[in-house]
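Peer 1: Encoded as structure tokens, here's the structure I'll be asking about.
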Amino acid sequence: MSTISTRSELLRKLLKTHPLYSSINNIESLRIFMQHHVYAVWDYMSLVKALQNYIAPVTVPWVPIKNAQSANFINQIVLDEESDIAFSSNSKNHMQVILKVILMP
-18 MSTISTRSEL LRKLLKTHPL YSSINNIESL RIFMQHHVYA VWDYMSLVKA LQNYIAPVTV
42 PWVPIKNAQS ANFINQIVLD EESDIAFSSN SKNHMQVILK VILMP
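Structural data, given as structure tokens:
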């Protein structure tokens, strides 16, 4: 197995067994987690959008970008985060899902 595969498999195992999963065991603990997680998502999306603006800027009139492969990669990340298919099979962005959990009755 390659070094990258070996390392990523180890990281996946560590992630799957992280104690955080067992600590979120009711709605209140999920809300508390989400109240903190919302800032990580906001920060992440701000960085991703800045990167998207650099790699694949929106311009009018349109001009071709320099690296279509990089543009496709960053645009796919943004697409998945901004309009992912949520639990109900409706498109929702990551932030909408977090806020729904935080604000649910």
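For the record, in the sequence shown the residue sitting at position 86 is 67 according to the numbering used here, with numbers rising by one throughout. A virtual CB, placed ideally from N, CA and C, is assigned to each residue, including glycine. Everything numeric in this text was worked out from a predicted model, so none of it was measured.
Please tell me whether V59 and Q77 are closer than 8 Å, where the distance is taken between their beta carbons.
Peer 2: Looking up residue 59 in the sequence shown gives position 78. Looking up residue 77 in the sequence shown gives position 96. One thing to note: V59 has its Cβ no nearer than 8 Å to the Cβ of Q77.
Peer 1: What separation, rounded to the nearest whole angstrom, lies between the Cα atoms of S27 and N56?
Peer 2: Sequence index remark: in the sequence shown, residue 27 carries index 46 (1-based). Sequence index remark: in the sequence shown, residue 56 carries index 75 (1-based). When rounded, the distance between both Cα atoms is 14 Å.
Peer 1: For H75, collect the residues of the same chain with a Cβ closer than 7 Å to its Cβ; drop the 5 residues on either side in sequence, then sort them by chain order.
Peer 2: For the purposes of this step, residue 75 is identified with residue 94 of the sequence shown, where counting begins at 1. Excluding positions up to five away in sequence, the list reads V22, E62, D65.
Peer 1: Which one of A37, L11, V39, Y35 has the shortest CA to CA distance from K81?
Peer 2: Taking the sequence shown and counting its residues from 1, one reaches residue 81 at position 100. It is L11 whose Cα lies nearest to the Cα of K81.
Peer 1: For the putative contact between H17 and I79, defined by C-beta atoms under 8 Å, what is the C-beta separation to the nearest angstrom?
Peer 2: The count along the sequence shown starts at 1 and reaches residue 17 at position 36. The count along the sequence shown starts at 1 and reaches residue 79 at position 98. About 10 Å; that fails the 8 Å criterion.
Peer 1: Label M85 either buried or exposed according to how many other C-beta atoms from any shown protein chain fall within 10 Å of its C-beta, with 16 as the threshold for buried.
Peer 2: The residue you call residue 85 lines up with position 104 of the sequence shown. M85 should be labelled exposed.
Peer 1: Report yes if the CB atom of A90 is closer than 8 Å to the CB atom of A52, and no otherwise.
Peer 2: The requested residue 90 is not part of the displayed model; the chain covers only -18 to 86.
Peer 1: Tell me which same chain residues have a C-beta within less than 6 Å of the C-beta of Y25, skipping the five on either side of it?
Peer 2: The sequence position of residue 25 within the sequence shown is 44, counting from 1. For Y25, where only same-chain residues beyond five positions count, there are no Cβ hits under 6 Å.
Peer 1: Less than 8 Å between the CB atoms is what I'm expecting for I8 and F14, so what's the real figure, rounded?
Peer 2: Sequence index remark: in the sequence shown, residue 8 carries index 27 (1-based). Sequence index remark: in the sequence shown, residue 14 carries index 33 (1-based). So it is not a contact: roughly 11 Å between Cβ atoms.
Peer 1: Between which two residues does the alpha helix (DSSP H) containing M85 stretch?
Peer 2: Start at 1 with the first residue of the sequence shown, and residue 85 comes out as number 104. No alpha helix (DSSP H) holds M85; DSSP gives it neither H nor E.
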